[in-house]
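In this text, residue positions in the sequence shown follow the numbering used here: the first is 244, and each later residue adds one. C-beta atoms are modelled at their ideal positions from N, C-alpha and C, and glycine is treated no differently. Remember, it's a predicted structure, so these values are computed and weren't measured experimentally. The next block holds one structure in the form of structure tokens; read it before the comments.
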Amino acid sequence: MAKKKKQLVIVESPAKAKTISKFLGREYTVEASMGHLIDLPKSQLGVDVEENFEPKYITIRGKGKILQKLRRKAKKSKKVLLATDPDREGEAISWHLSNALKVDEENKCRIEFNEITEAAVQQALENPRSIDKDRVDAQQARRVLDRLVGYKLSPLLWKKVRKGLSAGRVQSVALRIICEREDARNKFEPEEYWTAEINLKNPANDKFSAKLYRINNQKYKLKNEQEAKELKEDLQERKLKVSKIKEGQRRRNPAAPFTTSSLQQQAANSLYFSAKKTMFVAQRLYEGVDIGAEGTVGLITYMRTDSTRIAKEAQTNVQQYVLDEFGEKYLAEDRNYKVDSKAQDAHEAIRPTSVFRTPQKMKEYLDEEQYKLYKLIWERFVASQMAPALYKTLRVNIKSKNGKYLLRANGSQQLFAGVLQVDQSREQKEDTLLPNFNPGDKIELSTIKLAQHFTNPPARYTEAKLVKTLKKEGIGRPSTYATIIGTIQDRDYVEKEGKKFKPTELGAVVNGLLVKHFPNVTDVEFTAQMEDNLDKVEAGTADWREILSEFYFPFQDKLEEAHDEMEEVDMVEETDEICEKCGRNMVIKYGRYGKFLACPGFPECKNTKPFLVKAGVECPRCEDGEVIERKSKKGRRFYGCSNYPECEFMTWDHPTEEECPECGSFLVEKKRKNKTIKYCIDEDCKYETIELS
244 MAKKKKQLVI
254 VESPAKAKTI
264 SKFLGREYTV
274 EASMGHLIDL
284 PKSQLGVDVE
294 ENFEPKYITI
304 RGKGKILQKL
314 RRKAKKSKKV
324 LLATDPDREG
334 EAISWHLSNA
344 LKVDEENKCR
354 IEFNEITEAA
364 VQQALENPRS
374 IDKDRVDAQQ
384 ARRVLDRLVG
394 YKLSPLLWKK
404 VRKGLSAGRV
414 QSVALRIICE
424 REDARNKFEP
434 EEYWTAEINL
444 KNPANDKFSA
454 KLYRINNQKY
464 KLKNEQEAKE
474 LKEDLQERKL
484 KVSKIKEGQR
494 RRNPAAPFTT
504 SSLQQQAANS
514 LYFSAKKTMF
524 VAQRLYEGVD
534 IGAEGTVGLI
544 TYMRTDSTRI
554 AKEAQTNVQQ
564 YVLDEFGEKY
574 LAEDRNYKVD
584 SKAQDAHEAI
594 RPTSVFRTPQ
604 KMKEYLDEEQ
614 YKLYKLIWER
624 FVASQMAPAL
634 YKTLRVNIKS
644 KNGKYLLRAN
654 GSQQLFAGVL
664 QVDQSREQKE
674 DTLLPNFNPG
684 DKIELSTIKL
694 AQHFTNPPAR
704 YTEAKLVKTL
714 KKEGIGRPST
724 YATIIGTIQD
734 RDYVEKEGKK
744 FKPTELGAVV
754 NGLLVKHFPN
764 VTDVEFTAQM
774 EDNLDKVEAG
784 TADWREILSE
794 FYFPFQDKLE
804 EAHDEMEEVD
814 MVEETDEICE
824 KCGRNMVIKY
834 GRYGKFLACP
844 GFPECKNTKP
854 FLVKAGVECP
864 RCEDGEVIER
874 KSKKGRRFYG
884 CSNYPECEFM
894 TWDHPTEEEC
904 PECGSFLVEK
914 KRKNKTIKYC
924 IDEDCKYETI
934 ELS
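Here's what the structure looks like:
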């Protein structure tokens with residue numbers, strides 16, 4: 244009896260294959276492609292511009308055995324089903340596989356699912372489709388476009404700046420955004436201003452505080468100490484009374500379920516995850532986790548999405564959960580969130596595959612990072628279908644007798660927790676209670692505290708703010724944010740100071756050259772328009788080769804001009820460090836892993852050393868060590884002794900050159916929102932100060 248042929252299902256990752264195998268019967272075999280098997284060659288451009296931008300695809304080096312295995316399996320199979328990820332990249336992988344395995348792409352060989360659950364996989368098997376060639380063309384257009392920009396611009400930078408540099412279509416725009424913010428900070432001139440905190444009493448002698456709201460019915464600004472003192476003296480002479488009392492209610496509505504962008508932002512703010520870590524952990528939750536009796540199951544829906552839409556069944560389930568867990572008053576009416584007009588809306592929002600798998604139930608099966616991210620996703624999803632929080636608000640206007648000064652006191656009190664019962668990522672403010680008032684009540688002024696301030700420069704971008712800006716400006720798409728940020732860091736174009744990005748000297752130089760000679764490539768609006776054009780290709784309303792043609796030939800003209808006109812930049816910087824082999828002053832050079840010291844006598848002298856950023860203080864543990872800046876394996880900055888490993892002193896917080904007034908050691912500082920904490924590095928000394936910013 245002949246052996247019955249099975250159907251072959253091909254996914255991208257082994258984890259995904261393992262999960263899906265448990266849902267399917269014996270008539271199926273599941274294999275993993277390990278991502279892309281076929282792509283443009285790394286060693287050459289791989290695009291024939293003269294032949295209408297025809298790509299030259301090859302089997303990726305090291306992937307030949309995987310492809311051979313899949314070919315053998317395909318030949319022995321009854322049918323091949325391509326179940327790669329439900330996005331452009333996944334569609335392109337399926338298209339390449341269909342060609343390599345000689346599967347007719349017009350046949351219904353493609354299945355996709357937004358979540359890796361048994362029901363979703365079975366539904367996908369019942370609804371196969373042909374490969375979406377428009378989606379494939381959109382991916383091809385992006386791949387070829389990025390290849391043309393990267394492989395044409397990078398050699399120019401090698402020639403004009405130094406070898407090993409790279410430029411990319413989208414990464415160059417992200418770099419420009421960070422550099423422009425740094426330029427604005429450097430040009431910023433702080434302005435002095437003063438504020439007045441006014442403490443008052445009502446007729447019952449109850450204390451409260453108010454802010455000066457208007458002077459002569461106009462907005463005001465106290466520019467210096469003299470103006471502030473004059474205000475204080477004048478206000479102290481005025482009689483005050485309540486002129487208006489307004490009671491009301493304020494609602495705090497739930498936030499929409501997560502998209503890729505909003506998840507990366509919230510994970511950065513709440514969990515201190517990088518965009519790269521967020522996507523890595525989310526991928527594991529999506530592909531499947533062993534949860535005991537249920538086996539391996541995907542815990543969240545597909546994590547690369549720009550939509551806030553959720554399936555009707557999922558909405559019904561979460562509404563039932565809220566009803567059972569909290570009661571009817573916590574349940575909102577059918578709540579659907581408006582999808583961004585720029586969104587592709589190809590998939591649902593990121594949500595748990597089952598709302599009944601609560602974070603507490605899943606905790607024993609997840610590692611710490613998985614649990615934290617799953618909890619964040621689950622809480623946001625449940626909260627999105629809950630009633631808003633309600634606050635009672637009170638606004639009291641207090642005027643001076645002649646009407647010159649208007650003071651305002653605001654109070655609020657939570658009446659109903661609503662969404663805040665679940666969504667812990669939304670900061671809950673404490674009630675600000677005011678005493679009782681009646682219109683016309685006389686108010687007594689207790690004290691006026693004057694404080695000097697200076698305006699702050701525009702803040703540098705945190706990872707969350709940069710993702711938000713890229714999303715807002717239409718730069719990149721959900722699957723690319725983490726890659727964009729990772730690339731500009733890996734290339735040593737930007738570095739983190741605390742949690743904020745600042746351009747390196749190299750990044751500033753590269754950005755300056757690109758902005759000057761290739762304004763379109765680095766232009767935010769131009770790049771956003773290109774993203775829209777790629778969306779049109781996917782929608783079938785634009786030809787991808789025509790879009791490439793419109794971009795490339797003007798770009799090629801600019802490239803030829805730049806080879807002739809772009810100035811060469813010498814990035815070599817001499818230091819005070821003396822080469823112990825030949826006596827020359829060593830210079831700073833840039834390598835694959837950032838800065839290092841090298842002897843300028845190369846090739847006669849090949850001496851090199853690590854580049855050490857000195858903190859300017861001596862090691863508190865050993866006699867001859869200096870505190871220097873280091874980086875952990877995960878790229879986090881810390882400070883340690885130059886004599887490591889003999890001396891293992893380290894601190895995460897930035898050393899200062901200030902001496903401790905109590906023991907004479909040095910102080911380190913750490914920043915927390917609006918305050919700077921300085922404390923003594925000596926563990927036995929408890930000295931600490933807090934400065935408010």
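Problem - Integer Cβ distance of K259 from E530, believed to fall under 8 Å - result: As a working mapping, residue 259 is identified with position 16 in the sequence shown. As a working mapping, residue 530 is identified with position 287 in the sequence shown. Right, their Cβ atoms sit about 5 Å apart.
Problem - Beta-carbon proximity list for K489, same chain, < 6 Å, skipping 5 on both sides - result: As a position in the sequence shown, residue 489 is number 246, starting the count at 1. Around K489: R638.
Handout entry: Inter-residue Cα distance where the pair is T262 and F761
Key = Working through the sequence shown from its first residue, we reach residue 262 at position 19. Working through the sequence shown from its first residue, we reach residue 761 at position 518. When rounded, the distance between both Cα atoms is 47 Å.
Exercise for the section: Measure from the alpha carbon of N640 to the alpha carbon of each residue in A453, P898, V780, P678, then state which is nearest. Expected result: Residue mapping note: residue 640 aligns to position 397 of the sequence shown, counting from 1. Among A453, P898, V780, P678, the Cα nearest to that of N640 belongs to A453.
Problem - DSSP bridge partner residues for Y648 (one or two, in chain order) - result: For the purposes of this step, residue 648 is identified with residue 405 of the sequence shown, where counting begins at 1. Per DSSP, I458.
Exercise for the section: Within the same chain, show all residues whose beta-carbon is closer than 6 Å to that of L580, passing over the 5 residues directly before and after it, in chain order. Expected result: In the sequence shown, the residue the question calls residue 580 occupies position 337. According to the sequence shown, residue 580 is Tyr rather than Leu. So the qualifying residues of the chain are A499, T551.
Practice task
Could you tell me whether the segment 750–759 touches the segment 773–789, where touching means 3 or more Cβ pairs closer than 8 Å?
Solution key: no
Exercise for the section: Pull up the CB-CB distance for E358 and Y564, whole angstroms please, since I reckon it's below 8 Å. Expected result: On the sequence shown, residue 358 is found 115 positions in, with the first residue counted as 1. On the sequence shown, residue 564 is found 321 positions in, with the first residue counted as 1. Contact doesn't hold; Cβ gap of about 17 Å is too wide.
Problem - Buried or exposed (CB count within 10 angstroms, at least 16 for buried), Y515 - result: Counted from its first residue, the sequence shown places residue 515 at position 272. Y515 should be labelled exposed.
Problem - Endpoints, alpha helix (DSSP H) assigned at G333 - result: The residue labelled residue 333 in the question sits at position 90 within the sequence shown. Counting along the chain, the alpha helix (DSSP H) containing G333 begins and ends at 331–343.
Practice task
Could you spell out the range, first to last residue, of the beta strand (DSSP E) harbouring H806?
Solution key: Here residue 806 corresponds to residue number 563 of the sequence shown, with the count starting at 1. Element bounds for H806: not the beta strand (DSSP E) but the alpha helix (DSSP H), 787–808.
Handout entry: Identified DSSP bridge partners for S643
Key = Looking up residue 643 in the sequence shown gives position 400. DSSP lists L483 as the beta-bridge partner residues of S643.
Problem - Run of the alpha helix (DSSP H) containing S504, from where it starts to where it stops - result: Sequence index remark: in the sequence shown, residue 504 carries index 261 (1-based). First-last of the alpha helix (DSSP H) with S504: 503–509.
Exercise for the section: Run the CB neighbour count on W895, radius 10 Å, all protein chains shown included, and call it buried at 16 or more, exposed below. Expected result: Taking the first residue of the sequence shown as position 1, residue 895 is located at position 652. Under this definition W895 is an exposed residue.
Exercise for the section: Leaving out five residues on either side along the sequence, give the residues of the same chain with a beta carbon under 8 Å from the beta carbon of S276. Expected result: Translated into the one-based positions of the sequence shown, residue 276 becomes position 33. Result list for S276: I253, V254, E255, I309, L313, T327, I336, L340, in chain order.
Handout entry: Any 3 or more C-beta pairs closer than 8 Å across the segment 508–524 and the segment 720–729
Key = yes
Problem - Span separating the alpha-carbon of N886 from that of Y833 - result: Working through the sequence shown from its first residue, we reach residue 886 at position 643. Working through the sequence shown from its first residue, we reach residue 833 at position 590. Rounded to whole angstroms, N886 to Y833 spans 24 Å at the Cα level.
Handout entry: Check whether S689 and K444 have beta carbons under 8 Å apart
Key = The residue you call residue 689 lines up with position 446 of the sequence shown. The residue you call residue 444 lines up with position 201 of the sequence shown. A contact, by the Cβ cut-off of 8 Å.
Problem - C-beta atoms of T596 and D549 nearer than 8 Å - result: Counting from 1 along the sequence shown, the entry for residue 596 is found at position 353. Counting from 1 along the sequence shown, the entry for residue 549 is found at position 306. No, Cβ-Cβ distance for T596 and D549 is not below 8 Å.
Practice task
Spatial neighbours of T675 within its chain, please: CB distance less than 6 Å, with the 5 preceding and 5 following residues excluded, ordered by chain position.
Solution key: One-based indexing of the sequence shown puts residue 675 at position 432. Hits under 6 Å: G654, S655.
Exercise for the section: Starting from R378, follow the alpha helix (DSSP H) in both directions and report where the run begins and ends. Expected result: The residue you call residue 378 lines up with position 135 of the sequence shown. DSSP places R378 inside the alpha helix (DSSP H), whose first and last residues are 376–403.
Problem - Sequence ranges, alpha helix (DSSP H) only - wholly within the segment 727–790, length at least 4 - result: 748–760, 767–782
Problem - Distance, M773 Cα to F839 Cα - result: Within the sequence shown, numbered from 1, the residue matching residue 839 stands at position 596. Within the sequence shown, numbered from 1, the residue matching residue 773 stands at position 530. F839 and M773: Cα-Cα distance of roughly 38 Å.
Problem - Residue environment, N776, which counts as buried when at least 16 other CB atoms sit within 10 Å - result: On the sequence shown, residue 776 is found 533 positions in, with the first residue counted as 1. N776 should be labelled buried.
Exercise for the section: Identify every residue that forms a DSSP beta bridge with D282. Expected result: To locate residue 282, count along the sequence shown from 1; it is residue 39. DSSP, once it has assigned bridges, lists I301 as partnering D282.
Handout entry: Distance, M893 Cα to G859 Cα
Key = Looking up residue 859 in the sequence shown gives position 616. Looking up residue 893 in the sequence shown gives position 650. A straight line joining the alpha-carbon of G859 with that of M893 spans about 15 Å.
Practice task
Taking only the alpha-carbon atoms, compute the straight-line gap between L616 and Q526 and give it to the nearest angstrom.
Solution key: As a position in the sequence shown, residue 616 is number 373, starting the count at 1. As a position in the sequence shown, residue 526 is number 283, starting the count at 1. Answer to the nearest angstrom: the Cα atoms are 11 Å apart.
Practice task
Please say whether C842 and C822 have beta carbons closer to each other than 8 Å?
Solution key: Position 579 of the sequence shown holds residue 822. Position 599 of the sequence shown holds residue 842. In this structure, C842 lies closer than 8 Å to C822 by Cβ.
Exercise for the section: Alpha carbon to alpha carbon, how far is D610 from N442? Give it in angstroms, no decimals. Expected result: Translated into the one-based positions of the sequence shown, residue 442 becomes position 199. Translated into the one-based positions of the sequence shown, residue 610 becomes position 367. C-alpha separation (whole angstroms): 50 Å.
Exercise for the section: Counting only the same chain and skipping the five closest in sequence on each side, list residues whose C-beta sits under 6 Å from that of K299. Expected result: Counting from 1 along the sequence shown, the entry for residue 299 is found at position 56. So the qualifying residues of the chain are G289.
Handout entry: Other residues of its chain near D925: CB distance less than 8 Å, five sequence neighbours each side excluded
Key = Within the sequence shown, residue 925 is the residue found at index 682, counting from 1. Beyond the five residues adjoining it in sequence on each side, D925 comes within less than 8 Å, by CB distance, of P863, C903, C906, S908 in the same chain, given in chain order.
Exercise for the section: Pair every Cβ in the segment 347–366 with every Cβ in the segment 737–747, then say whether three or more of these pairs are closer than 8 Å. Expected result: Between the segment 347–366 and the segment 737–747, the count of C-beta pairs closer than 8 Å stays below three; the two stretches do not touch.
Exercise for the section: Below 7 Å CB to CB, which residues in the same chain sit around S397 once its five sequence neighbours on both sides are set aside? Expected result: Counted from its first residue, the sequence shown places residue 397 at position 154. Closer than 7 Å at Cβ, skipping near neighbours: L408, S409, A410.
Practice task
Starting from W437, trace the beta strand (DSSP E) both ways and give me its first and last residue.
Solution key: Translated into positions along the sequence shown, residue 437 becomes position 194. From DSSP, the beta strand (DSSP E) with W437 extends over 435–444.
Problem - Three CB pairs or more closer than 8 Å across the segment 474–490 and the segment 612–629 - result: no
Practice task
Give the straight-line distance between the Cα atoms of D800 and E470, rounded to the nearest whole angstrom.
Solution key: Taking the first residue of the sequence shown as 1, we reach residue 800 at position 557. Taking the first residue of the sequence shown as 1, we reach residue 470 at position 227. Rounded to whole angstroms, D800 to E470 spans 59 Å at the Cα level.
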